[in-house]
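S.K.: Have a look at this one.
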Amino acid sequence: MTKTSIWQWTAVETARAVREGQVSAVEVVQAHLARMSIANPPLNAVVVPLAADALSAAKAADAHQASGAELGPLHGVPITIKINVDVAGQANSNGVVAFKDNIAQEDAPVVANLRRAGAILLGLTNTPEFSLRAFTDNPLHGMTFNPWDAGITCGGSSGGAAAAVAAGIGAIAHGNDIGGSLRWPAHCNGVVTIKPTQGRIAAYNPTAMEERALVSQLMSAQGPLTRTVEDARVALEVMSAQDRRDPWYAPAPLDGDSVPRRAAIARIPDDMDCDPAVVALYRQAGEHLAAAGYELEEVEVPELSAVWGLWRDLLFAEFAVMQAPLMRKVGSDAFKRLIEASLASSTVTDLEGYMRGIARRTGFIRTWMEFLERHPVLLTPVSVQRTPGPNADVDGSARNLFWKGLRFVGPVNLLGLPAAVVPVGLVDGAPIGVQLIATRFREDLCLQAAAAIESRAGPVVPRLWAREERSADGVQCRTHGGEHTGRE
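When we follow my numbering, the leftmost residue of the sequence shown carries the number 1141, and every step to the right adds one.
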């Protein structure tokens, strides 16, 4: 394995090499399929491999290029899709045994946009049952493991997507996020993501039994996971193509007006149980922004705990009415125990509380948008704790501690804001990321700040591959060692 292995190339590098004739789309796909055959078995990240379809698509891509036709920006780039959106001819199981034959007749908007751009689908990635956990395990496909360490979670619900792209299975992975399901796995696996503003990327599943509930419409977003910020920007642009099947779609420009180069650093609340090594890397990310010319100010995030609490209240109130009955009917016994425990430990509001909560949300959005006028970028932790084991949400006390450690994540969904996550270093050999938030439809500001950090911290995934190269056994899921570094 060398630094020039095709599967290690970024999406931008891959598209350029194919476009310039340095390599064919078939050669690219063959390299990724070979990598998947080695890397995927111990990880279980791609649970529906589509090797034959990928090779067929690659041959068609090469023929298309040979004809002199115009090429899309991702022509020949291998990707993966999370198994909770529709891919024509495949089952949208959402990790549920009862949905294993839920075959899609057409692509969801995000899949159609990626295909139109020339991307080639390698397979479908794992998700927890109903995509409703921060850990990736289900009775249909089993558990997905973190490529850095089998003893820590790969995150969820886009855990399969993040593990796949970190392991070099595809240059771009698709995922989605209603409460951190892009950002938490990116943090756990040392990759980059951008959770866009609601409406930026069209969302629709033709196989859905009913339309999405209101909170899902207001809080959920599709997005990419990649190994570099540059790739995240390209993937976001492709995924954002218009699709009229989503009435919430907003054709907003990806670049906005120039703003002062200012960033706020979130002060961590005193009641959060912090790991010093994780906080040290968070502080280091602020230093990287300062070195890039950002004017920094440490601030109290506006009504953080109240916004986080409202996110939970609205999500669980709607969940109890709209999703829980079906989950109780077709979910596994283990999942049913988990959702009952979650509901019991949450505030499930009545109709009046729900309606008042929706109204309160507007005030919180106003307050945050005024805050982000003064501070165009907000740097926060993803989590203030070390990455836990694969099932830290099963035990009640561990579950509460885990969710409190992610207090900066849920508010982004409630407020409909964009947020990027970029890795900043390792703690005991496990990656740690930070979050960058901006005002609505200013994903460009999130990605600019993420790029500034990346240029100084460096991508962390090459360290994973270097460790693999040194291992006599190939892909190795490592136990914690003792490493705590920023850039090496």
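Ideal placement from N, C-alpha and C gives every residue a C-beta, glycine not left out.
Determine the extent of the beta strand (DSSP E) in which E1510 is found, giving its start and end residues.
M.R.: Careful: E1510 lies outside any beta strand (DSSP E), inside the alpha helix (DSSP H) at L1491 to R1514.
S.K.: Is D1317 helix, strand or coil when you go by DSSP?
M.R.: strand
S.K.: Kindly identify the DSSP beta-bridge partner or partners of R1435.
M.R.: Here residue 1435 turns out to be Glu, not Arg, going by the sequence shown. Looking at the DSSP assignment, E1435 forms a beta bridge with R1402.
S.K.: Since I believe T1154 is in contact with T1220 (beta carbons under 8 Å), could you give me their beta-carbon distance rounded to a whole number of angstroms?
M.R.: Between T1154 and T1220 the Cβ distance is about 14 Å, and since that is not below 8 Å, they are no contact.
S.K.: Select from T1368, V1378, P1218 and T1347 the residue whose C-alpha is nearest the C-alpha of Q1362.
M.R.: V1378
S.K.: On the premise that V1168 lies in contact with I1146, defined as a C-beta separation below 8 Å, what is that separation, rounded to the nearest angstrom?
M.R.: 6 Å
S.K.: Assuming A1307 and L1190 are in contact, meaning their beta carbons sit under 8 Å apart, how far apart are those beta carbons, in whole angstroms?
M.R.: Not confirmed; about 17 Å, so no contact.
S.K.: Using C-beta distances below 6 Å, list every residue in its chain close to V1600, excluding the 5 sequence neighbours before and after it, in chain order.
M.R.: Cβ within range, chain order: G1330, P1563 and P1571.
S.K.: Identify whether A1420 lies in helix, strand or coil by the three-state DSSP scheme.
M.R.: helix
S.K.: Using a Cβ-Cβ cutoff of less than 8 Å, which residues in the same chain neighbour G1503 once the five nearest sequence positions on both sides are dropped?
M.R.: So the list is empty, once near-sequence residues are dropped.
S.K.: Run through DSSP, which three-state label would A1559 get?
M.R.: DSSP places A1559 within a strand segment (E or B) once states are collapsed to three.
S.K.: Kindly indicate which residue of M1359, C1328, E1350 and R1352 has the alpha-carbon position closest to the one of N1339.
M.R.: The sequence given here has Gly at residue 1339, not Asn. Residue M1359 is the option with its Cα nearest to G1339.
S.K.: Put R1156 into one of helix, strand or coil per three-state DSSP.
M.R.: helix
S.K.: Here's a check: name, in chain order, each residue in its chain whose Cβ is nearer than 7 Å to the Cβ of R1385, leaving out the five neighbours to either side.
M.R.: P1249, A1342 and Y1344
S.K.: Can you tell which of D1371, P1346 and G1556 has its C-alpha closest to the C-alpha of W1448?
M.R.: G1556
S.K.: With distances taken between CB atoms, is the gap from A1406 to P1268 smaller than 9 Å?
M.R.: no
S.K.: Could you round the C-beta distance between P1558 and R1526 to whole angstroms and report it? I think they count as a contact, below 8 Å.
M.R.: Not quite, the Cβ-Cβ distance comes to about 27 Å (not below 8 Å), so this is no contact.
S.K.: Between which two residues does the alpha helix (DSSP H) carrying L1604 extend?
M.R.: V1601 to R1610
S.K.: Fully enclosed by the stretch 1320–1373, which beta strand (DSSP E) runs are 3 residues long or longer?
M.R.: 1332–1335 and 1361–1366
S.K.: Going by other Cβ atoms of all chains shown within 10 Å of its Cβ, with 16 needed for buried, is V1461 buried or exposed?
M.R.: Burial call: exposed.
S.K.: Which full runs of the alpha helix (DSSP H) of 4+ residues lie inside the stretch 1235–1294, going along the chain?
M.R.: 1249–1256
S.K.: Taking Cβ to Cβ, would you say I1312 is nearer than 9 Å to A1244?
M.R.: no
S.K.: Below 8 Å on the Cβ atoms is my contact criterion, and I expect T1333 with L1365 to pass it. Report the Cβ-Cβ distance as a whole number of Å.
M.R.: That belief holds up - the Cβ atoms of T1333 and L1365 are roughly 5 Å apart, short of 8 Å.
S.K.: Along the chain, where does the beta strand (DSSP E) that runs through A1570 open and close?
M.R.: A1570 to I1577
S.K.: Name the residue from G1216, D1533 and V1236 whose alpha carbon lies nearest to the alpha carbon of I1223.
M.R.: The shortest C-alpha separation from I1223 is found at V1236.
S.K.: Count the other CB atoms, across all protein chains shown, that sit within 10 Å of the CB of G1529; report buried if there are 16 or more and exposed otherwise.
M.R.: exposed
S.K.: Leaving out five residues on either side along the sequence, give the residues of the same chain with a beta carbon under 8 Å from the beta carbon of E1435.
M.R.: P1400, R1401, R1402 and A1403
S.K.: In the DSSP assignment, find the unbroken alpha helix (DSSP H) run with L1223 in it and report its ends.
M.R.: The question names Leu, but residue 1223 is Ile in the sequence shown. I1223 -> no alpha helix (DSSP H), and no H or E assigned at all.
S.K.: Between the stretch 1286–1302 and the stretch 1412–1424, do at least 3 Cβ pairs fall closer than 8 Å?
M.R.: no
S.K.: Roughly how many whole angstroms lie between the Cα atoms of A1499 and L1519?
M.R.: 27 Å
S.K.: Leaving out five residues on either side along the sequence, give the residues of the same chain with a beta carbon under 7 Å from the beta carbon of A1642.
M.R.: Outside the shown range of the chain (1141 to 1628) lies residue 1642, about which nothing can therefore be said.
S.K.: DSSP state of A1302, grouped into three classes?
M.R.: Reduced to three states, the DSSP call for A1302 is helix.
S.K.: Which value, in whole angstroms, describes the spacing of the CA atoms of G1396 and A1209?
M.R.: Computed Cα separation, rounded: 32 Å.
S.K.: Do you know offhand how far T1293's Cα is from A1206's?
M.R.: 44 Å
S.K.: Measure the C-alpha to C-alpha separation of F1239 and D1410 and round it to an integer number of angstroms.
M.R.: 44 Å
S.K.: What did DSSP end up calling L1190 once you bin it into helix, strand or coil?
M.R.: DSSP, read as helix, strand or coil, puts L1190 in coil.
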